[in-house]
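So the structure is just underneath, and the comments pick up after that.
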Amino acid sequence: MSIAVIGAGPHGLSALKALLQNGIDAEGFERAADVGGNWNYGAPTSRVYRSTHLISSKPFTQFPDFPMPDSYPDYPSHVQVKEYLTSYARHFGLVDRIRFDAEVVSVAPVGDGATWRVTVRNPANGDLSSSEHDGVVIANGHNWSAKIPQYPGQDSFGGQIIHSADYKDADVLRGRRVLVVGAGNTGCDVAVESAQNATRTWHSTRRGYYYNPKYLMGRPSDQTADLLLALRIPLALRRQMFKASLRFAVGDFTKFGLKKPDHRFFETHPIVNQQLVYYVGQGDITPVDDIATFDRDGVVFTDGGRADVDLVVFCTGYLVTFPFLVDAALHLDWHNDHPRLALHLFTTKHRNLFVSGLIQPDSGQWTLAHWQGILIARYLEARAQRPAVAERLYADATRQAGRRYSAGTTYKDSSRHYYEVAHQDYLQSLQDAINALEVPA
């Protein structure tokens, strides 16, 4: 059995490791010249910027079988994360099993789909080569294909428009009048950097959010949240506790000119940024509404206000896309603008095609990546040795395709939250699936 793993970011590395450790021949394919994926700053696969740090703390982000160094801070920088992923790949002997400078341009089933042909191109010289595999793990990430909105008059704007995908450092902001669009973690980070470097900064959002501090009750806030989970404190009470802590530490967001959140705690992906409110409070960031229209000199907002700007930074997220997968909508059971998966992992059309990493947890991600990889490996192992057990697991999983692992929370209905998972709920489901493969045939 031979499995192709596309991508050498955290999910690709963990899948490759799990396959090899379970005695399954596997080969990785990576477009860049090194491991790291999105964390390989400066590579064509990367969207991190110079000031990027983790927003989930070290123990909640690291792989469970490879701790980050004790010398790392609570929230490591992208440089430290890249070093960590490189050490992980070397420690588990993955580097020699990855083809670097290998851009995957085509993945297509052969015949009835029992095998897959993977075609790669060398970016340096354009040479193509192909190989056949008994299965494919797609781990190309979902934070690389920019989602760029279109507004009336946008083409007439005389300034510069960029997407955060192309934002690398604050040099582009210095001495300019900047509008940052988007209230996700990247949008808040860029708005704060703009406040420190631009002549003036506006921050456009469609809704209000809770801006969570990185530290709460003397520890990283995700560790505080997990402690409350471990104590089995009900969701409603946890919401009230977090809301009260923010109100005590910051006060009413609306008094700063920020929008009132239109949702309850845990119903959106957490925004971890305690500096945004600080810079809004001292007048370095001006909160504004959504854009209504552009003109040559700036933008008009939905409330009728306007701003004359010369740079707009769209921090508006990314599209999920698999440009190399032939007939992707068919093979991935496309639903609106995203694939319909089982356990955020299994495809419903093929038993040998998997997508690892299409999740956005409320805490760190790589523990989930670790167990996703193990589930893929154990499932393939069962397919070869105990096919009835594997088929039962696959049937049970695909009957629940599209399930949201939300631990009782209703997430906002937006493309940003298609892949949102409550980490404890999703982790339990992965472990249940792995246990189901251990039962007698």
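Heads up: the sequence shown begins at 88 in this note's numbering, then just goes up one per residue. Where is the CB? At the ideal position from N, CA and C, for every residue including glycine.
Is residue i near residue j, with beta carbons less than 8 Å apart?
| i | j | result |
| --- | --- | --- |
| Gly404 | Lys255 | no |
| Val279 | Leu363 | yes |
| Ile111 | Leu467 | yes |
| His457 | Pro151 | yes |
| His422 | His437 | no |
| Asn439 | Asp199 | no |
| Asp420 | Thr408 | no |
| Tyr238 | Ile378 | yes |
| Val223 | Val197 | no |
Comparing C-alpha positions only, which one of the options sits nearest to residue i?
| i | options | result |
| --- | --- | --- |
| Leu215 | Arg264, Val396 and Thr206 | Thr206 |
| Ser534 | Glu507, Ser493, Tyr513 and Ser450 | For residue 534 there is no data in the structure shown, the boundaries of the chain being 88 and 528. |
| Lys330 | Leu316, Phe352 and Ala312 | Phe352 |
| Leu517 | Thr485, Gln459 and Ala477 | Gln459 |
| Gly295 | Arg325, Ser164 and Leu345 | Leu345 |
| Asp530 | Arg264, Val375 and Arg177 | As shown, the chain starts at 88 and ends at 528. That puts residue 530 outside it, with no answer to give. |
| Val166 | Val191, Ser133 and Val194 | Ser133 |
| Phe441 | Met155, Asp371 and Trp203 | Trp203 |
| Asp395 | Thr373, Ala509 and Thr408 | Thr373 |
| Glu219 | Asp349, Ile90 and Thr496 | Ile90 |
| Arg490 | Arg473, Ala509, Glu478 and Ala477 | Ala509 |
| Arg293 | Ala484, Phe401, His98 and Asp157 | Phe401 |
| Gly370 | His290, Gln310, Phe179 and Asp309 | His290 |
Tell me the rounded alpha-carbon separation between residue i and residue j.
| i | j | result |
| --- | --- | --- |
| Val542 | Ala429 | Residue 542 is absent from the model: the chain starts at 88 and stops at 528. |
| Gln60 | Leu141 | Because the chain is modelled from 88 through 528, residue 60 falls outside the range shown and cannot be assessed. |
| Ser251 | Gly228 | 16 Å |
| Ala45 | Ala464 | In the structure as shown, the chain starts at 88 and stops at 528, and residue 45 therefore has no counterpart that could be examined. |
| Lys169 | Ile358 | 23 Å |
| Tyr136 | Asn127 | 10 Å |
| His356 | Glu507 | 7 Å |
| Gly269 | Gln511 | 28 Å |
| Pro300 | Arg470 | 46 Å |
| Asn109 | Leu103 | 10 Å |
| Ala475 | Thr454 | 28 Å |
| Leu266 | Asp253 | 15 Å |
| Asn360 | Asp349 | 19 Å |
| Asp366 | Leu303 | First, the residue type needs correcting, since residue 366 is Tyr and not Asp in the sequence shown. Rounded to whole angstroms, Tyr366 to Leu303 spans 20 Å at the Cα level. |
| Arg208 | Gly115 | 14 Å |
| Val71 | Pro97 | An answer regarding residue 71 cannot be provided, because it is not within the stretch 88 to 528 covered by the chain. |
| Ser308 | Ala95 | 29 Å |
| Met88 | Pro154 | 31 Å |
| Ala257 | Leu318 | 42 Å |
| Thr311 | Asp339 | 22 Å |
| Arg287 | Asp242 | 23 Å |
| Thr148 | Arg486 | 30 Å |
| Lys347 | Phe335 | 16 Å |
| Gly271 | Ala482 | 36 Å |
| Ile320 | Glu478 | 38 Å |
Quick one: residues in its chain with C-beta nearer than 6 Å to the C-beta of residue i, no 5 flanking neighbours on either side, listed in chain order?
| i | result |
| --- | --- |
| Leu406 | Ser232 and Lys234 |
| Leu462 | Leu517, Ala520 and Ile521 |
| Ala523 | Leu480 |
| Tyr513 | Tyr492 |
| Leu260 | Ser281, Asn284 and Ala285 |
| Asp397 | Gly246, Arg263 and Arg264 |
| Ser217 | Arg204 and Thr206 |
| Tyr298 | Ile358, Asn360, Leu363 and Val364 |
| Thr139 | His165 |
| Val484 | Strictly speaking, residue 484 in this sequence is Ala, with Val absent from that position. Closer than 6 Å at the Cβ level, and outside the excluded window around Ala484, lie Ala429, Leu430 and Phe433. |
| Val337 | Val364 |
| Ala488 | Arg427, Ala429 and Thr435 |
| Asp313 | none |
| Phe179 | Lys104 |
Ignore the nearest five residues each way along the sequence and tell me which others in residue i's own chain have a CB closer than 7 Å to its CB.
| i | result |
| --- | --- |
| Arg393 | Gly385, Val386 and Val387 |
| Leu100 | Val122, Leu172, Tyr175, Ala176 and Leu181 |
| Pro131 | Arg118 and Ala119 |
| Leu107 | Ala113 and Arg184 |
| Pro529 | Not covered by the structure: residue 529. The range shown for the chain is 88 to 528. |
Going by beta carbon distance, what residues of the same chain come within less than 8 Å of residue i, once the five residues before and after it are set aside?
| i | result |
| --- | --- |
| Ala211 | Asp188 |
| His504 | Thr355, His356, Gln447 and Tyr498 |
| Leu322 | Phe353, Ala494, Gly495 and Thr496 |
| Thr380 | Tyr238, Pro239, Gly240, Val386 and Val387 |
| Gly368 | Phe343 |
| Leu315 | Arg325 and Met328 |
Three or more beta-carbon pairs under 8 Å between the segment 413-425 and the segment 243-258, yes or no?
no
Quick one: any contact between the segment 376-385 and the segment 145-161, if contact means 3 or more CB pairs under 8 Å?
no
Evaluate the contact criterion for the segment 440-450 versus the segment 417-429: three or more CB pairs, one atom per stretch, below 8 Å.
Counting C-beta pairs with one atom in each stretch, the segment 440-450 and the segment 417-429 have three or more that are closer than 8 Å, which means they touch.
Can you find at least 3 beta carbon pairs, one from the segment 317-327 and one from the segment 267-285, that sit closer than 8 Å?
Taking a cut-off of 8 Å on C-beta distances, the segment 317-327 does not touch the segment 267-285, as fewer than three cross pairs fall below it.
Check whether the segment 115-124 and the segment 173-193 are in contact - that is, three or more C-beta pairs closer than 8 Å.
yes
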